[in-house]
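Protein sequences, first through last, are from chains A and B.
So the first sequence is numbered by my numbering: it starts at 28 and just counts up by one.
So the second sequence is numbered by my numbering: it starts at 771 and just counts up by one.
Notes follow the structure.
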Amino acid sequence: MEALLAIAIGTLTACGVFLLLRARTFAVVLGLTLLSYAVNLFLFASGRLVTGAPPLIRDGAFYTDPLPQALVLTAIVIGFGMTAYLVMLALRALAESGDDHVDAGGGK
Amino acid sequence: MTAHAPILPILIPFAAALVLMAGTGRGLAFQRGVGLAAALAGIAAAAWLTLLADRGEILVYALGDWPAPFGIVLAADRLAAGMTLLTALLAAVSLLHAGHGFDARGRHFHALFQLQIVGLQGAFLTGDLFNLFVFFEVMLLASYALLAHGGGLARTRAGLAYVVLNLAGSALFLIALGMLYGTLGTLNLADVALRLNGLGDDFAPVRLAAALLVAVFALKAALLPLSFWLPMSYAAAGAPVAALFAIMTKVGIVALLRVQVVAFAPAAATADLLAGWLMPLALATVLFAALGALAAGRLRELAAWLVLGSAGALLAVPALAGVDLTAAALYYLVQSTLAGAAFFLLAERIAERRGNASDAFQPGPAPAAPWLALGFLVAAVTAAGLPPFSGFIGKLMLLEAFRGTPAATMVWTVLLLAGFLVMASLARNGSRLFWDRKTDLAAPAAPAAGWRRGTAIALLVAAGPLLALFARPVADYTARAAAQLHAPKAYIAAVLGKDTRSIWRQRRP
Chain A
28 MEALLAIAIG
38 TLTACGVFLL
48 LRARTFAVVL
58 GLTLLSYAVN
68 LFLFASGRLV
78 TGAPPLIRDG
88 AFYTDPLPQA
98 LVLTAIVIGF
108 GMTAYLVMLA
118 LRALAESGDD
128 HVDAGGGK
Chain B
771 MTAHAPILPI
781 LIPFAAALVL
791 MAGTGRGLAF
801 QRGVGLAAAL
811 AGIAAAAWLT
821 LLADRGEILV
831 YALGDWPAPF
841 GIVLAADRLA
851 AGMTLLTALL
861 AAVSLLHAGH
871 GFDARGRHFH
881 ALFQLQIVGL
891 QGAFLTGDLF
901 NLFVFFEVML
911 LASYALLAHG
921 GGLARTRAGL
931 AYVVLNLAGS
941 ALFLIALGML
951 YGTLGTLNLA
961 DVALRLNGLG
971 DDFAPVRLAA
981 ALLVAVFALK
991 AALLPLSFWL
1001 PMSYAAAGAP
1011 VAALFAIMTK
1021 VGIVALLRVQ
1031 VVAFAPAAAT
1041 ADLLAGWLMP
1051 LALATVLFAA
1061 LGALAAGRLR
1071 ELAAWLVLGS
1081 AGALLAVPAL
1091 AGVDLTAAAL
1101 YYLVQSTLAG
1111 AAFFLLAERI
1121 AERRGNASDA
1131 FQPGPAPAAP
1141 WLALGFLVAA
1151 VTAAGLPPFS
1161 GFIGKLMLLE
1171 AFRGTPAATM
1181 VWTVLLLAGF
1191 LVMASLARNG
1201 SRLFWDRKTD
1211 LAAPAAPAAG
1221 WRRGTAIALL
1231 VAAGPLLALF
1241 ARPVADYTAR
1251 AAAQLHAPKA
1261 YIAAVLGKDT
1271 RSIWRQRRP
């Protein structure tokens, strides 16, 4: 399971970084989204991978670390809000200049 | 009531933001009133917190009364409390300035402004690294919208680059936090410091996490290879917004200083993390900013380069981090923040009075405004670090504190050279703005400054002379703050209690 998760995180990060370096805002937004998926998975794994255990602490019971789940939830909410704003900003730049190039001087 | 003092600088702007959002349709007078009332209350709360913190005890506020390290704590020592006071003062002045009409150029300006204050104050006060991330995001989210406030393609473009860069930075921040939690099992700063000390031989992952964290702070503080975003976005922002932004790079610097002194420096695993590379890069940032100031084509760009230069000078400090050096750096931080903010406000007013020539450094109609010229002179002397104002005292203290360190020759050379370049740039461009007039151009009918903007500019410009007049009390306070910061054992004891062995730990595979 660890290997699978590691490969998934690695693939997502690589694709995210590749897209992030593109010159069009749409690809950049997709890249950031993929990157944030990778980060969320990574955060989730920071509490160690445990299957079939509840995130509830009881003495002697088998449980999974609840804190990374709370962290991931926070990160997802923040990342989602940021992405929404970025999409809006990209649309505005497109509407104002008729061009979705990310660079201030380029594209024209 | 005293127990709740550390949360007030966060709660007041937060409550104001909620009221402002609820009263969206109420008109500008209502919004300005609520915003300014909240800003003044914020100053009172921050001043009170500073007085309380100056007694010498670290005020720890456990949110929801969950004890650290399991709950989130706010820790107000002298450094954090002093920074909240600086933020509150700067925010109130910027808000006063924005009340002249800038706030009417788009919706929700006042609510966003208060949320920006929430983020700044929270980032200074929190004692938990994940909570620091959350407050960074609150601060950034508000700053994204404020940067775009007022519209225009330049702002949208600058905003887009700024948002993408900071989102990538946030991803890096989260990776660092995940690694830190995965290896140490805690994100409370005091507990991280404690665990770092008790670490065995296998500390490569921790070092990597710490390095990533430093990289994120360096991005926020605009260290050289990561600083190209700053001049563009700050120069594009509206004047009151840019004035508030002058403190945003300082958030990264204070966070870096705190993490380095409290957690990284005392631990064997991370003690030499900043050694060797941070100082040269910081000095390169100073030189880069000085060259940028020399090449700037508009006053507002010049102001952005000045902000970058002061950030560079401050970034030279955490790598060495002695008590005297920190004390000098904190004084420098206060005065450079206010001087940078003053420039942004002055630039807008000068641009207005020059009509089409705006604030570009080219001959234009004579501004014919002696008070404005005098304000520019005082601000320029402060920013260039010439006597007799606070810029000179700050630079002198910084140079004096660097004198005993091994890097002294390099630091002195770079800071003095950069100071000379900045001075040359300010002198040349100031004379172009005010003296190089085209007599065939009629002076444009500039709109009145208004008492709000006049007061705001006067207050920020006056900060230079005032900080020089009252240099002693301010420098004494920063010395006490530095001494307290450099006693991390007291910080850990205040947050976690004396008996740290009784903290229950999960055994990790």
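Don't be surprised by glycine CBs; every beta carbon is placed ideally from N, CA and C.
Since the model is a prediction, treat every value here as computed from it, not as a measurement.
Taking the alpha-carbon of LEU1203(B) as reference, which of LEU1147(B), ALA1177(B), TYR1247(B) has the nearest alpha-carbon?
LEU1147(B)
**Asked** Mind checking if GLY87(A) is an interface residue toward chain B, Cβ cutoff 9 Å exclusive?
**Response** no
Quiz item: Excluding sequence positions up to five away, which residues of its chain have a Cβ less than 6 Å from the Cβ of PRO1279(B)?
Solution: Low per-residue confidence applies at PRO1279(B): pLDDT is 47, beneath 50, and the placement is therefore not dependable, though the value from the model is reported in the following sentence. So the list is empty, once near-sequence residues are dropped.
According to DSSP, simplified to helix, strand and coil, what is GLY1031(B)? In the sequence on display, residue 1031(B) carries Val and not Gly. In this structure, VAL1031(B) counts as helix in the three-state DSSP scheme.
Just by C-beta distance, which residues in the stretch 893-905 of chain B are closer than 9 Å to chain D?
Of the protein chains in this structure, namely A and B, none is chain D.
query: Quick one: is the Cβ of ARG1119(B) within less than 8 Å of any heavy atom of the ligand COA?
result: This structure does not include the ligand COA; it has no bound ligands of any sort.
message = Is it the case that the stretch 984-1003 of chain B contacts the stretch 865-873 of chain B, given that we only count it when at least three CB pairs across the two stretches are under 8 Å?
response = no
inquiry  = Run through the DSSP bridge pairs and tell me what HIS128(A) is partnered with.
reply    = ARG51(A)
Checklist entry - Which same chain residues, not among the five before or five after ASP1129(B), have their C-beta less than 7 Å away from its C-beta? => result ARG1068, LEU1069, ARG1070, ALA1117, ILE1120, ALA1121
inquiry  = Just to confirm the assignment, what range does the beta strand (DSSP E) spanning VAL1181(B) have?
reply    = Element bounds for VAL1181(B): not the beta strand (DSSP E) but the alpha helix (DSSP H), 1178-1204.
Checklist entry - Is the CB of THR794(B) under 9 Å away from at least one CB in chain A? => result no
Q. Of the residues ALA1089(B), VAL1056(B), SER1080(B), ALA1038(B), which one's Cα is nearest the Cα of TRP1047(B)?
A. ALA1089(B)
query: Which first and last residues belong to the beta strand (DSSP E) in which ALA832(B) is found?
result: 829-832
*What residues match up with LEU136(A) in a beta bridge as DSSP calls it?*
Lying outside 28 to 135, the shown extent of chain A, residue 136(A) is not represented and no answer is given.
Notebook entry, point to check: If you count every other CB in all the chains shown that lies within 10 Å of the CB of MET28(A), and 16 or more means buried, which is it?
Noted result: exposed
message: Could you check whether the Cβ of ILE105(A) sits closer than 9 Å to any Cβ belonging to chain B?
response: yes
Query raised in the report: Are the stretch 1006-1019 of chain B and the stretch 1049-1065 of chain B touching by the rule of at least three beta carbon pairs closer than 8 Å?
Result: no
Between the C-alpha atoms of GLY134(A) and GLN96(A), what's the straight-line distance to the nearest angstrom? In this predicted model, GLY134(A) has a pLDDT of only 38, less than 50, meaning its place in the structure is not dependable; the value taken from the coordinates is given anyway. Distance between the alpha carbons of GLY134(A) and GLN96(A) is about 42 Å.
Between GLU827(B), GLY797(B), MET853(B), MET791(B), which has its C-alpha nearest ALA817(B)'s C-alpha?
MET853(B)
Helix, strand or coil, according to DSSP, for ALA1059(B) in the structure here? helix
List the endpoints of the continuous alpha helix (DSSP H) containing LEU844(B).
Note, LEU844(B): premise wrong, no alpha helix (DSSP H); beta strand (DSSP E) at 843-846.
- Task: Measure the CB-CB distance between ILE1023(B) and LEU1085(B) and report whether it falls below 9 Å.
- Result: yes
query = Thinking C-alpha only, which one of THR60(A), LEU39(A), LEU46(A), GLY43(A) is nearest ALA102(A)?
reply = THR60(A)
Original post:
PHE89(A): buried (16+ other C-beta within 10 angstroms of its C-beta) or exposed?
Top reply: exposed
task = Output the boundary residues of the alpha helix (DSSP H) element that contains LEU1208(B).
result = Sequence check: residue 1208(B) is Lys here, not Leu. Run containing LYS1208(B): none; DSSP gives neither H nor E here.
Only counting the same chain, and skipping five residues up and downstream in sequence, which positions put a Cβ closer than 6 Å to that of GLN1254(B)? ASP847, ARG848
Mind listing which residues of the stretch 925-949 of chain B have their C-beta closer than 8 Å to chain A's C-betas, in chain order? THR926, ARG927, ALA928, GLY929, LEU930, ALA931, VAL933, VAL934, LEU937, ALA938, SER940, ALA941, LEU944, ILE945, LEU947, GLY948, MET949
Next on the checklist: For LEU1266(B), tell me which candidate among LEU844(B), LEU1239(B), ALA814(B), MET791(B) has the shortest Cα-Cα distance.
Outcome noted: LEU844(B)
Checklist entry - Cβ atoms of VAL1192(B) and ALA1245(B): under 9 Å apart, would you say? => result no
Check your understanding: Within the 9 Å Cβ cut-off, does THR110(A) reach chain B?
Key -> yes
*Leaving out five residues on either side along the sequence, give the residues of the same chain with a beta carbon under 7 Å from the beta carbon of LEU829(B).*
ALA775, PRO776, LEU822, ALA823, ALA846
Worksheet entry | Neighbouring residues, chain B, relative to PRO95(A) (Cβ below 9 Å) | GLY948, TYR951, GLY952
Check: Would you report the Cα separation of ALA915(B) and LEU957(B), rounded to the nearest angstrom?
Finding: 29 Å
Using a Cβ-Cβ cut-off of 9 Å, state whether GLY74(A) counts as contacting chain B.
yes
Quiz item: So, do the stretch 906-925 of chain B and the stretch 797-807 of chain B have three or more beta carbon pairs nearer to each other than 8 Å?
Solution: no
Comparing alpha-carbon positions, which option in SER1201(B), GLN886(B), ALA1215(B), GLY1082(B) lies nearest LEU1185(B)? GLY1082(B)
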